[in-house]
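Residue numbers (UniProt numbering): 1 to 201. Using N, Cα and C, we set each Cβ at its ideal position, and we do this for glycine too. Working notes, structure below.
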Amino acid sequence: MTRNIRVRTGLLGLFGASLLLTGCMGPTYGTDKTAGEQLVDDLGNAIMIQPGNDEAKKIRYQPRGKLVVPKDQTALVTPQDSVAGKDNPQWLESPEEMRERLRTEADENSDDPHYRSPLITQNATSRKLSTAEQTEAYREARRLQMGAYSDKRRYLSDPPVEYRKIPEEAQADLGEPEKQKERRRKKEAKAAKQGSSWWPF
1 MTRNIRVRTG
11 LLGLFGASLL
21 LTGCMGPTYG
31 TDKTAGEQLV
41 DDLGNAIMIQ
51 PGNDEAKKIR
61 YQPRGKLVVP
71 KDQTALVTPQ
81 DSVAGKDNPQ
91 WLESPEEMRE
101 RLRTEADENS
111 DDPHYRSPLI
121 TQNATSRKLS
131 TAEQTEAYRE
141 ARRLQMGAYS
151 DKRRYLSDPP
161 VEYRKIPEEA
171 QADLGEPEKQ
181 KERRRKKEAK
191 AAKQGSSWWP
201 F
């Protein structure tokens, strides 16, 4: 009796599992066939021998519309010349080209005593600087080079001026004296040794 019940229960379980599996069919991906059905159809079409249908393989093109031609073809506007080119007289001269032109011009006028090259007079001042002014100018340039300036932002990478200002309480605070630091370090080292004296290594 118990064996019959087990067999019936097993058959009922198999039937229920098959019903559940029929509901879990594969995705159709926008077509009316599942992946399994499509695979079977593809294999059947590959194996099936049938005469080739050339008409079905031909691509049907839609007829292209005619070109729209203007009525008056004599009044067409001539295309504008490209402005972005070196042949354009208003084209801006690059710094490299200007430097090369000025050097060539200076070489051509090397024998002319009255010729003054713009390259020489570009950064020249009207008067000569004294030794103190030269030293100050050098120090200022060195400060700028090292980034040691706090009066204003000169580059985008510089932090804002208010971030560089030291608070008043920090200006008066000189920090912990070196003697106290040394005593504290020795005390911490001694305390660390006392805790690990039982460990031989």
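- The Cβ-Cβ distance between residue 92 and residue 106 does not fall below 8 Å.
- For residue 103 and residue 83, the gap between their C-alpha atoms comes out near 28 Å.
- The beta carbon of residue 29 sits closer than 8 Å to those of 35, all from its chain and outside the five residues before and after it, given in chain order.
- The alpha helix (DSSP H) runs lying completely inside the region 99–166 and spanning 4 residues or more are 118–121, 131–146 and 161–164, given in chain order.
- Collapsing the DSSP output to three states places residue 69 in coil.
- Distance between residue 2 and residue 8, taken at the CA atoms: about 10 Å.
- In this structure, the CA atom of residue 113 is about 44 Å from the CA atom of residue 81.
- In this structure, residue 129 places its C-beta atom within 8 Å of the C-beta atom of residue 137.
- Apart from sequence neighbours up to five positions away, no residue of its chain approaches residue 134 with a beta-carbon distance below 7 Å.
- Pairing residue 169 with residue 181, the inter-Cα distance amounts to about 21 Å.
- The three-state reading of DSSP puts residue 42 in helix, counting H, G and I together.
- Residue state for residue 5 is assigned as helix, using DSSP reduced to three classes.
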